[in-house]
Amino acid sequence: MPDVQVIGVDLGGTAIKLARIRADGTVMAEAQCPTPQPAVPGAVTMALCEAIEQIDPGHAAQAVGVGLPGPMDAAARVARVCINLPGWEDVPLADWLESRINRQVTLANDGNCAVVGEAWLGAARGVEDVVLLTLGTGVGGGVILRGELFTGHNGAAAEPGLIGVQPDGPACNSGNRGSLEQFASITGLRRLCDRDPRELSAEADAGDPAALEVWSRYGERLGCGVASLVYVFTPQLVLLGGGLAGAARHFLPAVRREVESRVQAVSREGLRIEAACLGNGAGRLGAARLALQRLNGMMAPD
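My numbering puts the first residue of the sequence shown at 206, with every later residue one more than the last.
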């Protein structure tokens, strides 16, 4: 279906990134706009409508996929909760958007979108079992098992950043304590060294021993969480994406060492741990792919 077009949207706390994409993955148009502050549901809905019309004034796209920072219902229609956005609890965003933009809308967790994007056009192409972590303001992620996106019985899976790694650790917005997010997010990195991650990466590039040590300690903490995920899913590939993955060359060795020391050989047989390759474009590509899959399913003959 080369002429079918869909729109993929990645809704973040500070920016809305979107693209109009053909069924073969070709990006026809792209845009970015600031997320309204505060990012309450009504204001975000209107901003999404305006951004979609801007990128597709001729209504070439038949469907829209929206990635959000939180779990959806099993029907991909309702944002159950977005823990870092105010007022987002059981928001029927798909209904709200469809009534305004006259296009089919599919919702998905942004981490799920990222792993689908990498599986479609990125570092996970051709891989059946993948765990992806997005390392940024929080830690999200997604899981593909036997070539299918894993969403659990009610659509809320997977949330790999919310697994517990320290029982008495820092409180998490999810209600957990000591979650992986508290150690592998930008906040977690700042607990090790209160510096801008880009500056810290540049210093490590220059060979600064203190900066290299911080990234190594960060990798050890991240590797502890990755080890638990490997035991649960025994994937072929663990991908590390998100903003902090730009510094993966500095912490990947420590992550790999930690996983090798913590995970028995049979559970990590054939395992690769790599940086994702699509950067900030993975979420919108994955959202578009999920919208396309739903559209194709609805158009298929009974």
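Backbone N, C-alpha and C fix where the C-beta goes; we use that ideal spot for every residue, glycine too. Keep in mind that this is a model prediction, so the values were computed, not measured.
*Meets three-Cβ-pair contact criterion under 8 Å: the stretch 458 to 467 and the stretch 494 to 504*: no
*Please say whether E463 and E425 have beta carbons closer to each other than 7 Å?*
Their beta carbons are under 7 Å apart, which means E425 touches E463 by this criterion.
*Going by the beta-carbon positions, is the gap between P274 and D315 smaller than 7 Å?*
yes
*Where in the stretch 221 to 280 do unbroken runs of the alpha helix (DSSP H), each at least 4 residues long, occur, reported from the N-terminal end onward?*
246 to 260
*Okay, do the stretch 244 to 257 and the stretch 333 to 346 touch, 3+ Cβ pairs below 8 Å being the bar?*
no
_Three-way DSSP call (helix, strand, coil) for R477 in this model_ = strand
*Quickly, what does DSSP pair N511 with across the bridge? List them, please.*
Outside the modelled stretch of the chain, which goes from 206 to 507, sits residue 511, for which no answer is possible.
*Give a yes or no on whether the minimum CB-CB distance between G346 and chain D is below 7 Å.*
No chain D appears in the structure shown, which is made up of a single protein chain.
*List the residues that DSSP assigns as beta-bridge partners of Q309.*
Looking at the DSSP output, Q309 shares a beta bridge with A268.
_N-terminal and C-terminal residue of the alpha helix (DSSP H) that A459 is part of_ = A453 to R467
*asked:* Taking 6 Å as the cut-off, is the C-beta of P375 nearer than that to any heavy atom in the ligand SAM?
replied: For the ligand SAM, the structure offers nothing, since it holds no ligand at all.
*Check the DSSP bridge columns for D215 and list the partner residues they point to.*
K222 and G272
*What residues are listed by DSSP as bridge partners for A389?*
For A389, which the question treats as bridged, DSSP gives no partner whatsoever.
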